[in-house]
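Read through the structure below, which is laid out as structure tokens, and then see the notes.
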Amino acid sequence: MCPAHDTEHVDDEPPFRYTAALALDLETRWQHWWDEHATYETPNPSGPLADPEALDNGRTKLFVLDMFPYPSGEGLHVGHPLGFIGTDVYTRFKRMTGHHVLYTMGFDAFGLPAEQFAVQTGQHPRLTTERNVTTYRQQLRRLGLGHDPRRAINTSDPRYYRWTQWIFSQIFNAWFDRDADDGRGRARPIGELIAMFEAGDRPTSDGRKWSRLNATEQAAEIDIHRLAYVADAPVNWCPGLGTVVANEEVTADGRSDRGNFPVFQRTMRQWMMRITEYADRLIDDLEVLDWPDSIKTMQRNWIGRSPGSRVRFDSPAGEVEVFTTRADTFFGATFIVLAPEHPLVASLTTGPHAPAVVEYKQEVRQRKDSERTDDTRAKTGVFTGSYAVNPFTRKEIPIWIADYVLMGYGTGAITGVPCGDQRDFEFARNYGLDIVPIQQPPDEWFEQHRMEPTLDTERWPEAYVGDAPYVNSSGKKLDLNGIESVRQGVDVTNEWLEATGHGEATVTYKLRDWLFSRQRYWGEPFPIVYDDMDIAHAVPDEMLPVELPDTESFSPRTFDPDDENSDPESPLGRLSDWVEVELDLGQGLRTYRRDTNIMPQWAGSCWYELRYCDPTNDDVLVDPDVERFWMGPRTDLRPDHPGGVDLYVGGVEHAVLHLLYARFWHKVLHDLGHVSSMEPYARLFNQGYILAAAYQDERGMYVEASEVERHDDGTYTFDGRPVWREMGKMGKSLHNGVSPDEMYEQYGADTLRLHLMATGPLDASRPWETRDVVGMYRFVQRLWRNLIDEETGELSITDEPATDDTRRLLHRTIDFVRQEMDALRMNTAIAKLVELNNHVTKLTSTPLEVAEPLVLMLAPVAPHMCEELWRKLGHEHTLTRHPFPEADQAWLLDDTIEIPVQVNGKLRSRVTVAVDADHAAVEQLALADPKVAAAIDGASPKKVIVVDGRMVNVVL
RNA sequence: GCCCCGGUAGCCCAAUUGGCAGAGGCAACGGCCUCAAAAUCCGUACGGUGUGGGUUCGAGUCCCACCCGGGGCACCA
Numbered sequence: 033m034c035p036a037h038d039t040e041h042v043d044d045e046p047p048f049r050y051t052a053a054l055a056l057d058l059e060t061r062w063q064h065w066w067d068e069h070a071t072y073e074t075p076n077p078s079g080p081l082a083d084p085e086a087l088d089n090g091r092t093k094l095f096v097l098d099m100f101p102y103p104s105g106e107g108l109h110v111g112h113p114l115g116f117i118g119t120d121v122y123t124r125f126k127r128m129t130g131h132h133v134l135y136t137m138g139f140d141a142f143g144l145p146a147e148q149f150a151v152q153t154g155q156h157p158r159l160t161t162e163r164n165v166t167t168y169r170q171q172l173r174r175l176g177l178g179h180d181p182r183r184a185i186n187t188s189d190p191r192y193y194r195w196t197q198w199i200f201s202q203i204f205n206a207w208f209d210r211d212a213d214d215g216r217g218r219a220r221p222i223g224e225l226i227a228m229f230e231a232g233d234r235p236t237s238d239g240r241k242w243s244r245l246n247a248t249e250q251a252a253e254i255d256i257h258r259l260a261y262v263a264d265a266p267v268n269w270c271p272g273l274g275t276v277v278a279n280e281e282v283t284a285d286g287r288s289d290r291g292n293f294p295v296f297q298r299t300m301r302q303w304m305m306r307i308t309e310y311a312d313r314l315i316d317d318l319e320v321l322d323w324p325d326s327i328k329t330m331q332r333n334w335i336g337r338s339p340g341s342r343v344r345f346d347s348p349a350g351e352v353e354v355f356t357t358r359a360d361t362f363f364g365a366t367f368i369v370l371a372p373e374h375p376l377v378a379s380l381t382t383g384p385h386a387p388a389v390v391e392y393k394q395e396v397r398q399r400k401d402s403e404r405t406d407d408t409r410a411k412t413g414v415f416t417g418s419y420a421v422n423p424f425t426r427k428e429i430p431i432w433i434a435d436y437v438l439m440g441y442g443t444g445a446i447t448g449v450p451c452g453d454q455r456d457f458e459f460a461r462n463y464g465l466d467i468v469p470i471q472q473p474p475d476e477w478f479e480q481h482r483m484e485p486t487l488d489t490e491r492w493p494e495a496y497v498g499d500a501p502y503v504n505s506s507g508k509k510l511d512l513n514g515i516e517s518v519r520q521g522v523d524v525t526n527e528w529l530e531a532t533g534h535g536e537a538t539v540t541y542k543l544r545d546w547l548f549s550r551q552r553y554w555g556e557p558f559p560i561v562y563d564d565m566d567i568a569h570a571v572p573d574e575m576l577p578v579e580l581p582d583t584e585s586f587s588p589r590t591f592d593p594d595d596e597n598s599d600p601e602s603p604l605g606r607l608s609d610w611v612e613v614e615l616d617l618g619q620g621l622r623t624y625r626r627d628t629n630i631m632p633q634w635a636g637s638c639w640y641e642l643r644y645c646d647p648t649n650d651d652v653l654v655d656p657d658v659e660r661f662w663m664g665p666r667t668d669l670r671p672d673h674p675g676g677v678d679l680y681v682g683g684v685e686h687a688v689l690h691l692l693y694a695r696f697w698h699k700v701l702h703d704l705g706h707v708s709s710m711e712p713y714a715r716l717f718n719q720g721y722i723l724a725a726a727y728q729d730e731r732g733m734y735v736e737a738s739e740v741e742r743h744d745d746g747t748y749t750f751d752g753r754p755v756w757r758e759m760g761k762m763g764k765s766l767h768n769g770v771s772p773d774e775m776y777e778q779y780g781a782d783t784l785r786l787h788l789m790a791t792g793p794l795d796a797s798r799p800w801e802t803r804d805v806v807g808m809y810r811f812v813q814r815l816w817r818n819l820i821d822e823e824t825g826e827l828s829i830t831d832e833p834a835t836d837d838t839r840r841l842l843h844r845t846i847d848f849v850r851q852e853m854d855a856l857r858m859n860t861a862i863a864k865l866v867e868l869n870n871h872v873t874k875l876t877s878t879p880l881e882v883a884e885p886l887v888l889m890l891a892p893v894a895p896h897m898c899e900e901l902w903r904k905l906g907h908e909h910t911l912t913r914h915p916f917p918e919a920d921q922a923w924l925l926d927d928t929i930e931i932p933v934q935v936n937g938k939l940r941s942r943v944t945v946a947v948d949a950d951h952a953a954v955e956q957l958a959l960a961d962p963k964v965a966a967a968i969d970g971a972s973p974k975k976v977i978v979v980d981g982r983m984v985n986v987v988l
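Count along the first sequence from 1, then add 32; that gives the number in the working numbering.
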């Protein structure tokens with residue numbers, strides 16, 4: 033049983049012992065006090081939240097952000113607040129060390145999880161969302177987080193999503209000028225593009241004069257440049273969710289990351305965002321971000337930039353364009369492979385081969401994703417019957433189709449170079465295609481394969497990939513023979529391609545445009561209407577928000593998860609009263625049809641940090657002065673600082689979704705002049721996860737972990753049936769959550785905060801053990817007792833000065849704790865505070881000169897208790913902005929120091945020397961030590977190594 | 001298969017970046033208190049750093065190979 037609940041004996045306890053009950057009392061009291069005194073409200077330099085006087089005190093601004101939660105129906109578990117507490121401790125520390133801190137919390141309340149919860153419980157998502165937000169608010173407040181409550185936002189609040197829609201309109205009304213900024217490219221207002229067309233400064237796509245295009249044609253011309261556009265595109269249709277989803281939301285095995293339903297590739301008319309235009313900037317600007325390398329790598333991989341060449345081959349069906357990163361290998365190209373879905377396949381297929389081609393395409397379509405991605409499977413394909421001309425060799429080479437070539441990457445067509453590409457090699461071997469050697473592999477390569485060097489590829493065990501001298505690689509005006517590096521071979525070939533018009537150097541990306549529309553209910557409606565010509569118009573800014581219509585039929589139409597041929601049906605489309613709307617868009621009152629899609633979950637989180645800066649501004653999404661103050665580039669720190677939030681803390685799972693989308697939106701807003709920062713998050717920190725034991729029964733189902741019984745033989749049962757234990761991320765899906773409410777009840781919030789911070793570094797995942805929490809509970813009890821008389825509740829300390837020992841430990845602790853908290857290493861800071869407190873415990877009474885700094889240093893982690901103690905120490909004001917203790921350098925140094933003496937690397941003795949003793953003196957002292965002398969045993973040392981203040985090593 | 005992290009006491013974690021392996025917490029054990037127990041308090045013990053090699057006067061720390069755990073990517077031409 034937990035101590036605090038052992039009520040039978042509670043009477044024996046001193047009345048003012050720090051117990052859970054006392055913690056509850058003082059914690060709720062202080063939370064109330066902070067609210068009343070607006071302790072954590074932070075002023076802006078201008079606008080509605082301005083208080084210039086409060087700003088003008090020489091403090092540095094600091095914007096710290098948590099990844100905001102979506103309020104699920106289960107409420108918090110103790111794993112959730114790990115990051116929140118980490119940032120809270122950090123911001124509290126920073127407030128005490130001269131910073132103006134912007135720190136608040138909002139809710140990511142739109143989206144699938146909220147909607148699914150509502151559908152499951154048969155209640156309107158607005159109701160369930162509101163209720164869940166209330167629960168979260170209470171639970172977070174109980175943790176004592178120092179948020180500015182005025183800045184809290186909720187993405188499903190019309191006053192918030194008004195601006196989400198506004199940003200969408202900005203993106204819709206923008207195009208990407210690739211030539212701007214010396215080829216870096218920049219978004220510009222669509223009006224500037226129209227002006228260029230009108231002035232004839234820019235040719236239209238089909239070369240006709242702008243004025244000769246009719247309204248529909250003009251609209252179409254503009255639409256192909258918009259950063260947000262509607263297009264027929266291959267999309268991921270998920271019947272089980274009843275909506276399309278983005279590439280980033282599809283798992284590696286072809287299922288939805290929400291719900292784990294099958295996802296099918298289909299061509300559909302959907303909203304897309306031209307994130308691909310930003311691919312280079314999204315990669316290049318990673319350089320100036322202070323982010324974990326792992327996340328940067330994930331983003332680079334996701335964007336997947338690969339420089340290569342496009343080359344056109346003549347074929348009976350016209351030109352076939354292929355993409356390759358190895359332009360140097362065309363002399364070895366002995367076939368062409370198209371993706372089975374390639375548009376030219378039909379016209380390239382000759383009569384005799386048609387049945388095989390049709391059958392193969394059918395086969396590929398039916399192949400399961402798990403099979404398709406199995407790269408151990410033999411390469412398959414069929415011949416189309418047609419030949420293309422290799423422009424390098426002038427030879428005819430067969431055109432095949434094979435499913436190892438993907439339509440979604442490059443041009444969906446490749447040249448088969450079997451001698452230099454393992455996939456092509458395997459394919460050629462399978463179908464008896466020529467393998468022409470074009471490089472002389474190095475001798476070591478043959479040695480590795482235990483064979484004599486040869487150019488007879490029949491005997492090669494695999495393709496050779498890498499640098500090597502070229503052979504058989506000369507033709508008309510292009511001669512690679514003699515060149516030895518791939519790099520050079522590619523460069524020379526690219527020059528030839530461009531000179532002859534056969535192709536050109538290019539870059540392809542794995543990144544696709546962002547599929548932005550969803551056929552669900554709980555999200556931001558598009559601020560778009562269509563006229564009778566079906567031309568899309570942005571709803572004017574002054575008519576925003578386009579409010580999400582209230583309806584009881586909010587459930588999306590979902591389908592059999594495997595019903596590939598079903599079609600999405602948006603819930604908003606059923607509301608004909610809402611869909612039909614009369615508007616004056618400058619041409620008088622007309623009837624328009626609203627777009628019935630909603631935005632994806634990610635829209636609201638793409639820009640929330642901006643709204644935190646200026647949450648109540650009704651004129652702009654964020655006042656430019658305010659944005660510059662909180663998020664402007666800190667060129668005072670380093671010249672290439674991109675601006676953005678100073679510290680962003682959250683889980684690694686958003687590496688390529690939220691973090692990529694948010695960067696994209698931010699860059700568009702920057703380009704259009706709305707924000708001064710070039711990146712949203714200057715520094716990113718990934719907190720670890722709290723893991724907990726989870727238990728599976730025979731069926732593999734997870735059972736409620738708290739009800740599992742452990743037996744002496746190490747086995748576990750649930751409800752009398754055997755279950756098996758594993759460790760996993762705490763949460764709903766593994767049924768292993770522990771609620772913070774239980775911890776408040778047993779120990780109080782300060783203890784929970786201390787425990788979560790003390791068990792390990794913030795970025796480390798670690799298992800939760802409820803029984804460990806008592807350690808920090810004992811610590812705060814001890815600390816409390818060191819300052820407070822448990823019988824009277826009165827302060828019990830002494831004005832007597834501390835001894836030198838105590839004082840030295842105090843200043844060392846101050847020095848260390850400052851350093852560690854600043855580096856987000858709360859675990860080691862706490863360890864040193866415990867150490868100091870343990871030292872104080874041994875004293876007969878606690879000196880005031882230790883008590884005060886101890887309380888101040890612990891305050892960031894255990895703010896409630898420390899405020900209470902601070903008050904009892906006679907201070908009237910909150911310690912929130914009281915200066916953090918400073919170490920006195922004089923007490924950091926000892927006069928003498930004990931250093932180890934090794935003989936041949938083995939520890940033999942210790943000697944005490946003056947800190948400033950010179951090497952000779954230290955050496956002499958070490959050699960004179962009896963234990964050392966015994967170890968040396970009369971031999972004369974070869975060398976004596978003295979490391980200042982560290983150790984002595986006598987080498988014989 | 002490839003690319004990142006990480007393996008230190010029974011458990012969670014420190015270790016001034018190459019210099020005495022242990023700061024802190026849990027658990028364990030002993031003691032005080034108690035009729036007894038719980039809680040509090042006081043005290044004690046515990047491993048040579050996943051494995052094998054190498055560099056060095058000296059390796060938890062650097063290098064090489066491997067094993068285990070976690071994460072990401074995976075026919076990307």
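Just so you know, even glycine gets a beta-carbon here, dropped at the ideal spot from N, CA and C.
Using 10 angstroms around the beta-carbon of Met-33, count the other beta-carbons present and answer buried if the total reaches 16, otherwise exposed. On the first sequence, residue 33 is found 1 positions in, with the first residue counted as 1. Reliability of the predicted coordinates at Met-33 is poor, the pLDDT of 31 falling under 50, and the value obtained from them is presented with this limitation in mind. It counts as exposed.
Which same chain residues end up closer than 6 angstroms to Met-983 when comparing Cβ atoms and leaving out the 5 residues on each side of it in sequence? Numbered from 1 along the first sequence, position 951 holds the residue referred to as residue 983. Contacts found: Ile-931 and Pro-932.
Does the beta-carbon of Trp-303 have 16 or more other beta-carbons within 10 angstroms, so that it is buried, or is it exposed? Here residue 303 is taken as the residue at index 271 of the first sequence, counted from 1. With 16 or more other Cβ atoms within 10 Å, it is buried.
So the beta strand (DSSP E) Pro-266 belongs to, where does it begin and stop? As a working note, residue 266 is residue 234 in the first sequence. Unbroken beta strand (DSSP E) run through Pro-266: 260-270.
Of the choices Glu-147, Pro-47 and Thr-60, whose alpha-carbon is the least far from that of Glu-777? Locating residue 777 in the first sequence gives position 745, counting from the first residue. Of the candidates Glu-147, Pro-47 and Thr-60, the one whose C-alpha sits nearest the C-alpha of Glu-777 is Thr-60.
Supposed close pair Tyr-644, Gly-676 - CB separation, criterion 8 angstroms: Within the first sequence, residue 644 is the residue found at index 612, counting from 1. Within the first sequence, residue 676 is the residue found at index 644, counting from 1. Contact doesn't hold; Cβ gap of about 12 angstroms is too wide.
At least three beta-carbon pairs within less than 8 angstroms, the region 276-287 to the region 685-697: yes
Lys-411: buried (16+ other C-beta within 10 angstroms of its C-beta) or exposed? Here residue 411 refers to the residue found at position 379 of the first sequence. The residue in question, Lys-411, is buried, as its Cβ has 16 or more Cβ neighbours within 10 Å.
Do Ala-953 and Val-945 have their C-beta atoms within less than 9 angstroms of each other? The sequence position of residue 953 within the first sequence is 921, counting from 1. The sequence position of residue 945 within the first sequence is 913, counting from 1. It is a contact, given that the beta carbons lie within the stated cut-off.
Can you tell me the Cα-Cα spacing of Leu-177 and Arg-810, whole angstroms? Locating residue 177 in the first sequence gives position 145, where the first residue counts as 1. Locating residue 810 in the first sequence gives position 778, where the first residue counts as 1. Answer to the nearest angstrom: the Cα atoms are 23 angstroms apart.
Could you give the C-beta distance for Leu-172 and His-896, rounded to a whole number, given that I count them as a contact under 8 angstroms? By 1-based counting over the first sequence, the position of residue 172 is 140. By 1-based counting over the first sequence, the position of residue 896 is 864. So it is not a contact: roughly 14 angstroms between Cβ atoms.
Report the CB separation of Pro-324 from Leu-890 in whole angstroms; it is logged as a contact under 8 angstroms. Here residue 324 refers to the residue found at position 292 when the first sequence is read from its first residue. Here residue 890 refers to the residue found at position 858 when the first sequence is read from its first residue. Incorrect: roughly 29 angstroms between the Cβ atoms, too far for contact.
Determine the DSSP secondary structure at Thr-540, reduced to helix, strand or coil. The sequence position of residue 540 within the first sequence is 508, counting from 1. Strand, per DSSP.
Mind checking which residues open and close the beta strand (DSSP E) that includes Ser-1033? The structure shown does not extend to residue 1033, since the chain is modelled only from 33 to 988, so the question has no answer here.
Measuring straight from C-alpha to C-alpha, what distance separates Asp-523 and Phe-345? As a working note, residue 523 is residue 491 in the first sequence. As a working note, residue 345 is residue 313 in the first sequence. Roughly 20 angstroms separates the two Cα atoms.
May I ask which residues mark the beginning and end of the alpha helix (DSSP H) holding Gln-480? One-based indexing of the first sequence puts residue 480 at position 448. That run of the alpha helix (DSSP H) goes 475-480.
Report the three-state DSSP secondary structure of Gln-633 (helix, strand or coil). As a position in the first sequence, residue 633 is number 601, starting the count at 1. Here Gln-633 sits in coil by DSSP.
Could you give the DSSP three-state label for Cys-34: helix, strand or coil? By one-based count along the first sequence, residue 34 stands at place 2. Only weak support is given to the placement of Cys-34: the predicted model assigns it a pLDDT of 35, under 50, and the value that follows is read from those uncertain coordinates. The answer is coil: DSSP assigns Cys-34 none of H, G, I, E or B.
Should Gly-906 be labelled buried (16 or more other beta-carbon atoms within 10 Å of its own) or exposed? By 1-based counting over the first sequence, the position of residue 906 is 874. Gly-906 should be labelled exposed.
Helix, strand or coil for Phe-95 per DSSP? Residue numbering aside, residue 95 sits at position 63 when the first sequence is read from its first letter. Reduced to three states, the DSSP call for Phe-95 is strand.
Please state the DSSP three-state secondary structure of Thr-830. Looking up residue 830 in the first sequence gives position 798. Strand at Thr-830.
Would you mind listing the beta strand (DSSP E) stretches within the region 298-363 that are 3+ residues and don't spill past its ends, in chain order? 338-347 and 350-356
What residue range is occupied by the uninterrupted beta strand (DSSP E) comprising Gln-728? For the purposes of this step, residue 728 is taken as residue 696 along the first sequence, with counting starting at 1. Note, Gln-728: beta strand (DSSP E), 722-728.
Taking DSSP as the reference, what is the three-state secondary structure of Ile-431? Here residue 431 refers to the residue found at position 399 of the first sequence. Three-state result, Ile-431: strand.
Measuring alpha carbon to alpha carbon, tell me which residue in Val-707, Pro-581, Pro-600 and Arg-332 is nearest Arg-589. Against the first sequence, residue 589 aligns to sequence position 557. It is Pro-600 whose Cα lies nearest to the Cα of Arg-589.
State the Cα-Cα distance for the pair Arg-298 and Trp-65, rounded to the nearest angstrom. Counting from one through the first sequence, the residue named residue 298 turns up at place 266. Counting from one through the first sequence, the residue named residue 65 turns up at place 33. So the two alpha carbons sit approximately 58 angstroms from each other.
Report yes if the C-beta distance between Pro-577 and Gln-202 is below 9 angstroms; otherwise report no. Stepping through the first sequence from its first residue, residue 577 is reached at position 545. Stepping through the first sequence from its first residue, residue 202 is reached at position 170. Going by C-beta atoms, Pro-577 is not nearer than 9 angstroms to Gln-202.
Based on Cα-Cα distance, which residue from Gln-170, Leu-827 and Glu-253 lies nearest to Ile-222? Residue mapping note: residue 222 aligns to position 190 of the first sequence, counting from 1. Among Gln-170, Leu-827 and Glu-253, the Cα nearest to that of Ile-222 belongs to Glu-253.
Name the DSSP bridge partner or partners of Asn-985? To locate residue 985, count along the first sequence from 1; it is residue 953. DSSP output for Asn-985 lists Gln-934 and Ile-977 as bridge partner(s).
Going along the chain, which residues of its own chain have a beta-carbon closer than 8 angstroms to the beta-carbon of Ser-765, five neighbours each way excluded? Mapped onto the first sequence, residue 765 falls at position 733. Only Tyr-734 meet the Cβ criterion.
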